[in-house]
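Engineer: Handing you this structure, nothing more for now.
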Amino acid sequence: MSYLVAAPVLIPMLAGALSLVAWRSHMLQRALAVLGTGALLISAILLMIEVANEGIQVTEFGGWPAPMGIVFVADWLSVLMVLLTGITGLAAAIFSLPGTTLRMEHAGYYALLHVLLAGVAGAFLTGDVFNLYVWFEIMLLASFALLAMGGERAQMAGALKYVVLNLISSAIFLTAIGLLYGLIGTLNMADVAVKVAALESSDRVTVIATLFMIAFGIKAAAFPLFFWLPASYHTPPVAVSALFAGLLTKVGVYALYRFFTLIFTADVGFTHEVLKWVAVFTMLSGVLGAAAQFEFRRILSFHIISQIGYMILGLALYTPLAVAGGVFYLAHHIIVKANLFFISGATYHLRGSHDLSRLGGLWKTHPWLGVLFLIPALSLAGVPPLSGFWAKFIVIKAGVALDEWLVVAAALLTGLLTLYSMMKIWMEVFWKATPPETAELRGVRPPAAMTMVIVALSVLTVLIGVIAEPVWQLAAAAADQLLDPRAYIEAVLPESAQ
Amino acid sequence: MKTSMLLRVGAQLLLPLLMVLSVYLLVRGHNHPGGGFIGGLVASAAIALHLFAVDIRSARGVLRADPRTLLGAGLLIALVAAVMGPLAGGAVFEGLWLDVNLPVVGKTHIGTPLLFDIGVYLVVIGAVLTMALTLAEVEG
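Sequence lines, in order, name chains D and W. Position 488 of the first sequence, counting from 1, maps to 1143 under this note's numbering, and the rest follow consecutively. Position 72 of the second sequence, counting from 1, maps to 123 under this note's numbering, and the rest follow consecutively.
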């Protein structure tokens, strides 16, 4: 038993509680934001080392053994996701420092940030279906408050769509949990996997699986229920957008990966076939939606959707190569997408607008920012040797190996259109002359904290691309564990294996 | 805004009674219906009643602390209850129990679940009143 498994949830909870108590103190809240997220990152690294040395780690809350009590389980996929949570959390906390007003701090901005991270980490680590629901709700609550903070009209409109669709998803999720419990009488994921596999008929299981698929599909912003995402992600402060873009939809994708490799594998011909077409339409609708947009963060928001398609595609093709490619995609995407939102924040700081028609001329005044934008942008489009190239390459290779030519064509077309979109942003924001109505701000620089975050994440993107081997090994190890869940089940329920 | 005298007098009489009731619900909660959540709701209802009957300033005075501070303090207490288990060599959130002789109550069984419930109690009061007072301030 290891306490480290609980640390990625307890640490942000503690940081959140402390920054609520210290809500009056500007300095303390900011120090807690950086220290808390930094400690989260360190705990994630330590947990990863432990998983590497000793295999899957499990902790039982309250000392109640599984399947009675709630367990936290850290396998390769969980620990990788927690590590990415730590990286994005720390980046968002540092990026928030220059831009956050006293009013937002008094309204609990940093405390909500910590609680959001606790919810995300909890969702990645829990080994209990109902507990997953609880973490989803904590995440939803914190993210709703962060979205609505500021109280502008556009923010309220976005937050309302966001919360209504997410509540519908939660209701479907809860219904599915009830049906699952009624069918097999347990909610511990490992125990559910054992009992579902032992059922004679899989009809009812397929119905429940579809309900879970819809619930997680909404959270992941998959086709056709993705419209809440572009309606809301461009309204909050940039650091919040980046955190949401990096992490929140990925929790939905993670839940799909967990459930459709561990539990619902009886009727792959149906469930994963549905997932495949969902993935194809998600990729295409996201990228086509982006082509019609002319606002920096809205374009990026639509691209989140199309990228979610690739990740679901990795799961849907359901071969070791495809699942590993999907995991690699998750890792690459979280860093790149958060970084692109951060860069939109830096350009907003320089020009005071997110509207592409009012931006321009930044190549003349801030060429280094243009270069820093090109790294994640080209990576997103899949240009070698950046991280996105390997992610796309592996998923597409898995598609070719299965002779899924239609899917491969859709994935390639999406990549091409992504490149078009990224070039559109580059031309409009950096290359074109400064529009006459926009003030030329020579000599103004983004705050050092913002630059630092953007540089660090860009370096990480290049590193994942150039030295892809270790990340690939990790993704392959995660895929092996997912496709052969015996080790997971044995770690949670030692008796059932005997 | 002038409220009815009946409401004002009633609220003043009810406030201490409801507060005692909320603590009673909190303490009996481990083995009987009640607990930190219900207790916290009763306490916040009492203060909300005071808010409607008198005014915001006086309702804030009842609390003596900012609801945000209560929210954070409650979360901290609950977390302390969570990590007592590991400190004693057990699991996170494991219940630790002590048999003590208290004056008035007599022999009692006190444990970390009560500490956790006190944390929940404060979190609920803090959260409900943060919302209620914010809304009242926007309106008034």
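Think of the CB as a built atom: it goes at the ideal place given N, C-alpha and C, for glycine as much as any other residue.
If I measure Cβ to Cβ from D/H761 and keep anything under 7 Å in the same chain, skipping five residues before and after, which residues do I get?
Structural biologist: Walking along the first sequence from the start, residue 761 of chain D turns up at place 106. The residues are W678.
Engineer: Hey, does D/A661 have any beta-carbon neighbour from chain W nearer than 9 Å?
Structural biologist: In the first sequence, the residue the question calls residue 661 of chain D occupies position 6. Chain W contact via Cβ: present.
Engineer: Exposed or buried, what is W/Y75 when buried is set at 16 or more other beta-carbons lying within 10 Å of its beta-carbon?
Structural biologist: Along the second sequence, read from residue 1 onward, the residue named residue 75 of chain W stands at position 24. So W/Y75 counts as exposed.
Engineer: Under a three-way DSSP split, which group does D/Q1153 fall into?
Structural biologist: Counting from 1 along the first sequence, the entry for residue 1153 of chain D is found at position 498. Any reading at D/Q1153 must be qualified, since the residue scores a pLDDT of 49, below 50, and its modelled position is unreliable; no value is offered.
Engineer: Check this for me: beta carbons of D/L739 and D/I918, under 9 Å apart or not?
Structural biologist: Locating residue 739 of chain D in the first sequence gives position 84, counting from the first residue. Locating residue 918 of chain D in the first sequence gives position 263, counting from the first residue. Their beta carbons are not under 9 Å apart, which means D/L739 does not touch D/I918 by this criterion.
Engineer: Between D/E760 and chain W, is any beta-carbon pair separated by less than 9 Å?
Structural biologist: The residue labelled residue 760 of chain D in the question sits at position 105 within the first sequence. Chain W, which has no Cβ nearer than 9 Å to the Cβ of D/E760, makes this no.
Engineer: Comparing the C-beta of W/L123 with each C-beta of chain D, is any distance below 9 Å?
Structural biologist: Position 72 of the second sequence holds residue 123 of chain W. The amino acid at residue 123 of chain W is misidentified as Leu; the sequence shows Gly. Cβ-Cβ to chain D under 9 Å: yes for W/G123.
Engineer: Is it true that the region 723 to 732 of chain D meets the region 1125 to 1137 of chain D, where meeting means three or more beta-carbon pairs spaced less than 8 Å apart?
Structural biologist: As far as the Cβ criterion goes, the region 723 to 732 of chain D touches the region 1125 to 1137 of chain D, which means the pair count is three or higher.
Engineer: Would you list, in chain order, the members of the region 84 to 97 of chain W that have their beta-carbon closer than 8 Å to a beta-carbon of chain D?
Structural biologist: Cβ contacts with chain D come from no residue of the region 84 to 97 of chain W.
Engineer: Within the 9 Å Cβ cut-off, does D/Y765 reach chain W?
Structural biologist: Residue mapping note: residue 765 of chain D aligns to position 110 of the first sequence, counting from 1. So, not an interface residue.
Engineer: Do D/A1146 and D/V728 come within 9 Å of each other at the CB atom, strictly closer than that value?
Structural biologist: On the first sequence, position 73 is the one that residue 728 of chain D refers to. On the first sequence, position 491 is the one that residue 1146 of chain D refers to. Yes; because the gap between Cβ atoms is below 9 Å, this pair is in contact.
Engineer: Report the neighbours of W/F167 on chain D: residues whose CB is nearer than 8 Å to its CB, in chain order.
Structural biologist: Residue mapping note: residue 167 of chain W aligns to position 116 of the second sequence, counting from 1. Result: empty, since nearest Cβ-Cβ is about 10 Å, beyond 8 Å.
Engineer: Taking only beta-carbon positions, decide if D/V676 is within less than 9 Å of chain W.
Structural biologist: Locating residue 676 of chain D in the first sequence gives position 21, where the first residue counts as 1. By this cut-off, D/V676 is an interface position.
Engineer: Between the region 719 to 726 of chain D and the region 663 to 679 of chain D, can you find at least three pairs of beta-carbon atoms closer than 8 Å?
Structural biologist: Result no; under three Cβ-Cβ pairs closer than 8 Å.
Engineer: According to the Cβ coordinates, are D/L1014 and D/P1090 closer than 9 Å?
Structural biologist: Residue mapping note: residue 1014 of chain D aligns to position 359 of the first sequence, counting from 1. Residue mapping note: residue 1090 of chain D aligns to position 435 of the first sequence, counting from 1. In this structure, D/P1090 lies closer than 9 Å to D/L1014 by Cβ.
Engineer: Determine which residues share a DSSP beta bridge with D/D1010 and list them.
Structural biologist: Locating residue 1010 of chain D in the first sequence gives position 355, counting from the first residue. D/E950.
Engineer: Name the two residues that bound the continuous alpha helix (DSSP H) containing W/A116.
Structural biologist: Walking along the second sequence from the start, residue 116 of chain W turns up at place 65. That residue, W/A116, is in no alpha helix (DSSP H); it is neither H nor E in DSSP.
Engineer: Residues of chain D with a CB under 8 Å from the CB of W/E188: which are they?
Structural biologist: Counted from its first residue, the second sequence places residue 188 of chain W at position 137. Within 8 Å Cβ-Cβ: nothing; W/E188 doesn't reach chain D, min ~12 Å.
Engineer: Return the CA-CA distance between W/V134 and D/V942, expressed in angstroms with no decimal places.
Structural biologist: Counting from 1 along the second sequence, the entry for residue 134 of chain W is found at position 83. Counting from 1 along the first sequence, the entry for residue 942 of chain D is found at position 287. About 47 Å.
Engineer: Output yes if chain W places a C-beta closer than 9 Å to the C-beta of D/F951; else output no.
Structural biologist: By 1-based counting over the first sequence, the position of residue 951 of chain D is 296. False, the Cβ-Cβ gap to chain W never drops below 9 Å.
Engineer: Could you tell me which chain W residues have their CB closer than 8 Å to the CB of D/T714, listed as they occur along the chain?
Structural biologist: Taking the first residue of the first sequence as position 1, residue 714 of chain D is located at position 59. A142 and V143, listed in chain order.
Engineer: Can you find a C-beta in chain W that's less than 9 Å from the C-beta of D/L669?
Structural biologist: Translated into positions along the first sequence, residue 669 of chain D becomes position 14. Interface residue, yes.
Engineer: Confirm, please, whether the CB-CB distance from D/G901 to D/T743 is below 9 Å.
Structural biologist: Residue numbering aside, residue 743 of chain D sits at position 88 when the first sequence is read from its first letter. Residue numbering aside, residue 901 of chain D sits at position 246 when the first sequence is read from its first letter. Contact: yes.
Engineer: Compare the C-beta of W/A183 against all C-beta atoms of chain D and say whether one is closer than 9 Å.
Structural biologist: Along the second sequence, one-based indexing puts residue 183 of chain W at 132. No - not a single Cβ of chain D is within 9 Å of the one on W/A183.
Engineer: Taking Cβ to Cβ, would you say D/L970 is nearer than 9 Å to D/Y912?
Structural biologist: The residue given as residue 970 of chain D occupies position 315 in the first sequence. The residue given as residue 912 of chain D occupies position 257 in the first sequence. In this structure, D/Y912 lies closer than 9 Å to D/L970 by Cβ.
Engineer: On the DSSP letters alone, give me the boundaries of the beta strand (DSSP E) that W/T159 sits inside.
Structural biologist: Taking the first residue of the second sequence as 1, we reach residue 159 of chain W at position 108. Taken as a continuous stretch (DSSP letters only), the beta strand (DSSP E) holding W/T159 covers G157 to G162.
Engineer: Using a beta-carbon distance below 9 Å, is W/V179 in contact with chain D?
Structural biologist: What you label residue 179 of chain W is simply residue 128 of the second sequence in a count that begins at 1. With 9 Å as the cut-off, W/V179 does not count as an interface residue toward chain D.
Engineer: Excluding sequence positions up to five away, which residues of its chain have a Cβ less than 7 Å from the Cβ of D/Q1153?
Structural biologist: Position 498 of the first sequence holds residue 1153 of chain D. Unreliable positioning characterises D/Q1153 in this predicted model, as indicated by a pLDDT of 49, which lies under 50. The coordinate reading is nonetheless provided below. So no residue of the chain qualifies.
Engineer: Please classify W/F144: does DSSP put it in a helix, a strand, or coil?
Structural biologist: The residue labelled residue 144 of chain W in the question sits at position 93 within the second sequence. It is coil, neither helix nor strand.
Engineer: Apart from the five residues just before and just after D/A831, which ones in its own chain have a Cβ nearer than 8 Å to its Cβ?
Structural biologist: Mapped onto the first sequence, residue 831 of chain D falls at position 176. So the list reads I863, L866, F867 and A870, once near-sequence residues are dropped.
Engineer: Could you give the distance in angstroms between the alpha-carbon of D/A662 and the alpha-carbon of D/G693?
Structural biologist: Along the first sequence, one-based indexing puts residue 662 of chain D at 7. Along the first sequence, one-based indexing puts residue 693 of chain D at 38. Whole-angstrom Cα-Cα distance: 13 Å.
Engineer: Closer than 8 Å by beta-carbon distance: list the chain C residues that pair up with D/L665, in chain order.
Structural biologist: Protein chains D and W are contained in the structure displayed, whereas chain C is not.
Engineer: Can you tell me which of the three DSSP states W/A187 falls into?
Structural biologist: In the second sequence, counting from the first residue as 1, residue 187 of chain W sits at position 136. Three-state result, W/A187: helix.
Engineer: Going by the DSSP bridge assignment, what does W/V151 pair with across the sheet?
Structural biologist: As a position in the second sequence, residue 151 of chain W is number 100, starting the count at 1. Note: W/V151 sits in a beta bridge opposite W/T159.
Engineer: Quick check on D/T756: does DSSP put it in helix, strand or coil?
Structural biologist: Numbered from 1 along the first sequence, position 101 holds the residue referred to as residue 756 of chain D. Looking at D/T756 - three-state DSSP - the assignment turns out to be coil, as it is neither helix nor strand.
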